[in-house]
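There are 2 protein chains.
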Amino acid sequence: MDNRRLIIDSAKKLFWHRGYSTTSPKQVMADAGVGQGSFYHHFPAKADLGHEVVQENGRDLVASVRAAMEGKATGRDRLVAFLGSAGDALGGCQIGGFAYDAGILAEPPLREALGAAFTELTDLLESVVREAQADGSVSAKLDPAQTAAALLAVVEGAFVIARATGRQSTADAATAGALALLDG
Amino acid sequence: MDNRRLIIDSAKKLFWHRGYSTTSPKQVMADAGVGQGSFYHHFPAKADLGHEVVQENGRDLVASVRAAMEGKATGRDRLVAFLGSAGDALGGCQIGGFAYDAGILAEPPLREALGAAFTELTDLLESVVREAQADGSVSAKLDPAQTAAALLAVVEGAFVIARATGRQSTADAATAGALALLDG
DNA sequence: GTCTATATGATGATAGAC
DNA sequence: GTCTATCATCATATAGAC
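Residue numbers (full-length UniProt numbering), protein chains in the order written: chain A, 1 to 184; chain B, 1 to 184.
This is the structure we're talking about:
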């Protein structure tokens with residue numbers, strides 16, 4: 001119905017799994033089933049679509065992390081739920097791959113949107129670490145900001161390693177190791 | 001033989017910092033200071049150069065990790081030295097970015113070389129975790145393979161986060177947090 | 001808003017002379 | 001081994017009709 005929405009949804013999926021620079025407008029049009037005229041009417045330049053996609057994928061990721069944490073009894077359980085984000089790592093992180101995409105980094109608005117998404121995720125995790133320390137499920141000795149950063153890095157790294165090796169089990173090993181350290 | 005080396009060295013640097021798919025043969029030629037005739041004489045296709053680069057960057061990374069660990073008194077100190085690999089994260093990991101590059105993943109030989117490099121790093125780290133447990137500098141309760149995978153993931157993730165936010169300090173926070181967990 | 005036709009430059013090469 | 005010329009294809013649009 002709404003071609004603009006069809007374009008964005010296709011681009012979100014394609015930029016996520018195949019990369020921004022390595023996906024052409026033509027591929028997006030084909031996937032969305034819209035013509036060139038429609039595409040360039042809604043997005044004068046590819047970067048305009050990219051900006052929208054980085055923002056939406058960032059929001060989606062934060063929302064899915066919040067959803068995965070919902071209903072968990074302790075702060076530690078919520079952190080465990082976050083580590084589960086790497087449970088299907090072969091497709092790559094919704095936004096992590098953009099950090100290595102020269103086409104994203106070359107465009108200041110896209111770069112800023114990417115940084116903002118990571119900052120929001122870090123802040124969310126830090127607040128959950130504090131909750132976990134408050135309810136006694138995680139050691140009070142840990143620095144909340146650094147612990148949150150480490151957990152986010154483990155998950156992002158797990159995506160990288162899984163894609164590099166082609167084996168999901170390498171991501172699972174990383175998150176299991178991180179959990180053991182957290183509980184240690 | 002000299003131009004071949006110049007081409008490889010330029011490509012190693014450019015593919016590392018700017019990505020494989022987003023760097024053209026022409027850019028490599030310009031950086032290396034060689035002409036098209038020379039380039040295609042040594043590397044019939046871009047992927048042939050890419051294969052060489054993935055292998056060399058993998059070997060270089062393993063070698064630099066080994067060098068950083070050398071002379072450290074305990075296994076834990078060697079792991080700390082490895083965490084320091086993310087001390088200059090804004091340029092990206094020598095091989096980590098390839099995991100999100102569609103042009104690398106689409107070529108089986110490049111993909112295999114990438115996976116092999118990660119496997120070698122993981123194996124190296126696992127052996128160091130075992131040494132650390134043997135000398136008492138790291139808890140014997142930890143699973144060596146999972147702990148090694150987690151530490152590698154932290155470092156790879158630190159590169160991703162630093163590039164996404166544009167701030168080295170976000171990588172430093174992640175590795176500091178990981179060290180605290182390891183010592184915890 | 002969408003269509004088709006057209007334009008410009010880059011990419012990843014190949015051909016043949018030196 | 002290296003050079004210059006050439007080439008097909010693709011990426012990224014723009015123009016104007018409907």
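By construction, the Cβ of each residue, glycine as well, lies at the ideal position given by its N, Cα and C atoms.
Item, Value
"R167 (chain A) - DSSP class collapsed to helix/strand/coil", "coil"
"Beta-carbon spacing of A99 (chain B), A173 (chain A) below 7 Å", "no"
"Assigned exposure category for L114 (chain A) - 16 Cβ within 10 Å defines buried", "buried"
"Inter-stretch contact (C-beta, 8 Å, three-pair minimum) for the region 92–111 of chain B and the region 97–112 of chain A", "yes"
"Where Q94 (chain A) sits in the DSSP three-state scheme", "coil"
"Rounded distance between the beta-carbons of V28 (chain A) and M14 (chain A), thought under 8 Å", "For the record, residue 14 (chain A) in the displayed sequence is Leu; it is not Met. So it is a contact: roughly 6 Å between Cβ atoms."
"Any alpha helix (DSSP H) of 4 or more consecutive residues that is wholly inside the region 6–75 of chain A", "25–32, 36–42 and 46–69"
"Closer than 7 Å to chain A by CB, E156 (chain B)", "yes"
"Beta-carbon gap between K72 (chain A) and A81 (chain A) smaller than 7 Å", "yes"
"Beta strand (DSSP E) runs contained entirely in the region 116–154 of chain A, provided each spans 3 or more residues", "none"
"Identity of the residue in B:G75, B:R4 and B:A67 nearest D183 (chain B) by Cα", "B:G75"
"Reduced DSSP secondary structure (H/G/I, E/B, other) of E107 (chain A)", "coil"
"Proximity to Y20 (chain A) [Cα-Cα], best of A:Q133, A:Q36, A:L61 and A:E107", "A:E107"
"Neighbourhood of Q55 (chain A) by C-beta distance below 7 Å, restricted to the same chain and skipping five residues each side", "A113"
"Assigned secondary structure, D2 (chain B) (DSSP; H/G/I helix, E/B strand, else coil)", "helix"
"Classification of R111 (chain A) by the beta-carbon crowding that lies within 10 angstroms, buried from 16 upward", "buried"
"Environment of Q94 (chain A) [buried if 16+ CB atoms lie within 10 Å]", "buried"
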